[in-house]
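**Student:** All residue numbers for the sequence shown refer to our numbering, where the first residue is 66 and numbers rise by one.
From the three backbone atoms N, C-alpha and C, an ideal C-beta is built for every residue, glycine too.
Predicted model only: the values in this text are computed from it and were never measured.
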Amino acid sequence: MALNFPGLFPSGRDMLVNYDWTDVSLMTGYIVFDGFNAEDSGGNNYILIESGKSTLMTPSLNNNVLDGSLFTNGFTFDMDFDLTPFKLPVTLGGTALVRICLCFGTSTASAVSVTATLRKWDGSTETQLGTVTSVSEEIASGDERGHILKMTISNTHFKAGEILRLTVTGSGGGAAFNIAHNPRDTAVITGVGADFTAGNSRLSVAVPFKIEV
Numbered sequence: 066m067a068l069n070f071p072g073l074f075p076s077g078r079d080m081l082v083n084y085d086w087t088d089v090s091l092m093t094g095y096i097v098f099d100g101f102n103a104e105d106s107g108g109n110n111y112i113l114i115e116s117g118k119s120t121l122m123t124p125s126l127n128n129n130v131l132d133g134s135l136f137t138n139g140f141t142f143d144m145d146f147d148l149t150p151f152k153l154p155v156t157l158g159g160t161a162l163v164r165i166c167l168c169f170g171t172s173t174a175s176a177v178s179v180t181a182t183l184r185k186w187d188g189s190t191e192t193q194l195g196t197v198t199s200v201s202e203e204i205a206s207g208d209e210r211g212h213i214l215k216m217t218i219s220n221t222h223f224k225a226g227e228i229l230r231l232t233v234t235g236s237g238g239g240a241a242f243n244i245a246h247n248p249r250d251t252a253v254i255t256g257v258g259a260d261f262t263a264g265n266s267r268l269s270v271a272v273p274f275k276i277e278v
């Protein structure tokens, strides 16, 4: 015998997604993520977290979470910042924007450039979505540099459990330099002759999500 109890098992509800801004013409919603270092006894853990939440999770004092990473004498650096795995399928595609800030040590650096790359990481394989490199330039000691890099990324589907990865690489000769990853964007003392001033210490990426209709 059929039992009619309307509302006993209510229909599923739509999931609400909060974008930082939208591009209606491209049906794209942007979410901004900050990179930072959740250091523990095992070492560095470079991660991405939504920008509004990252400022709540980082202390106001200058410590290893806020400091940049030191690279010297022409060595390249390669840092991966990983988002937590997606719980539901999503599609990314469009124009991503990456903000990277550098400061330089006690001598002039030559041929300095930075590269940002977005990838999909499934635990065993990386799939590149897009990449962009800044201009190469000579930078005097004590200077800061901020880059806003525009990256075109191909439409890429992420399954539940897959990860978005931001890789920041770079090179330069003749001087020590630092890359900042301070979500609070406050001043950071590096201890190598050049420091980050307030407003120039944040590493962030605006990621385009395709809006499903």
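Quick one: give me the first and last residue of the beta strand (DSSP E) that L274 is part of.
**Tutor:** Residue identity differs from the one stated: residue 274 is Phe in this sequence, not Leu. Where F274 is concerned, the enclosing beta strand (DSSP E) stretches over S269 to K275.
**Student:** Which class does V89 belong to by DSSP, given the choice of helix, strand or coil?
**Tutor:** It is helical.
**Student:** Tell me the rounded alpha-carbon separation between G237 and V179.
**Tutor:** The alpha-carbon atoms of G237 and V179 are separated by roughly 9 angstroms.
**Student:** Determine whether the beta carbon atoms of A245 and A252 lie at a separation below 7 angstroms.
**Tutor:** No, the pair does not count as a contact, with Cβ atoms beyond the cut-off.
**Student:** Quick one: using the 10 Å Cβ neighbour count with 16 as the cut-off for buried, is N109 buried or exposed?
**Tutor:** With fewer than 16 other Cβ atoms within 10 Å, it is exposed.
**Student:** So the candidates are R210, K224, N83 and V197; which of them puts its Cα closest to the Cα of M216?
**Tutor:** The shortest C-alpha separation from M216 is found at V197.
**Student:** Quickly, what does DSSP pair K215 with across the bridge? List them, please.
**Tutor:** In the DSSP output, where bridge partners are listed per residue, K215 has L162.
**Student:** If you draw a straight line from the C-alpha of S219 to the C-alpha of G256, how long is it?
**Tutor:** So the two alpha carbons sit approximately 40 angstroms from each other.
**Student:** Which same chain residues end up closer than 7 angstroms to A161 when comparing Cβ atoms and leaving out the 5 residues on each side of it in sequence?
**Tutor:** Cβ neighbours of A161 beyond the five flanking positions: L183, G195, M216, I218, V270, A271, V272 and P273.
**Student:** Give the straight-line distance between the Cα atoms of S90 and G159, rounded to the nearest whole angstrom.
**Tutor:** Distance between the alpha carbons of S90 and G159: 12 angstroms.
**Student:** Does DSSP classify S236 as helix, strand or coil?
**Tutor:** S236 falls in the strand class under three-state DSSP.
**Student:** On a Cα-Cα basis, can you pick out the residue from R210, R249, T221 and E202 that is closest to N243?
**Tutor:** For N243, the nearest C-alpha among the options comes from R210.
**Student:** Give a yes or no on whether the C-beta atoms belonging to D105 and I228 are separated by under 7 angstroms.
**Tutor:** Their beta carbons are not under 7 angstroms apart, which means D105 does not touch I228 by this criterion.
**Student:** Any idea which residues DSSP pairs T196 with across the strands?
**Tutor:** For T196, which the question treats as bridged, DSSP gives the partners T182.
**Student:** Would you kindly work out how many angstroms separate the C-alpha atoms of D187 and K224, rounded to a whole number?
**Tutor:** In a straight line, the C-alpha of D187 is about 9 angstroms away from that of K224.
**Student:** Whole angstroms is fine: what's the gap from H212's alpha carbon to T156's?
**Tutor:** Cα to Cα, the separation comes out at about 26 angstroms.
**Student:** Which one of N265, K185 and P154 has the shortest CA to CA distance from P248?
**Tutor:** Nearest option by C-alpha distance: N265.
**Student:** Between N102 and D145, what straight-line distance do the alpha-carbon atoms span, to the nearest angstrom?
**Tutor:** N102 and D145: Cα-Cα distance of roughly 11 angstroms.
**Student:** Determine which residues share a DSSP beta bridge with F169 and list them.
**Tutor:** Bridge partners of F169: F242.
**Student:** Residue range of the beta strand (DSSP E) that I204 falls in?
**Tutor:** Element bounds for I204: E202 to I204.
**Student:** Mind checking which residues open and close the beta strand (DSSP E) that includes F142?
**Tutor:** From DSSP, the beta strand (DSSP E) with F142 extends over F142 to D147.
**Student:** Buried or exposed, going by whether 16 or more other CB atoms sit within 10 Å of the CB of K152?
**Tutor:** Counting Cβ neighbours within 10 Å, K152 comes out exposed, since fewer than 16 surround it.
**Student:** Assuming the contact rule is C-beta atoms closer than 8 angstroms, I165 and V233 should be a hit. Round their C-beta distance to whole Å, please.
**Tutor:** Indeed they touch by this definition, with Cβ atoms about 6 angstroms apart.
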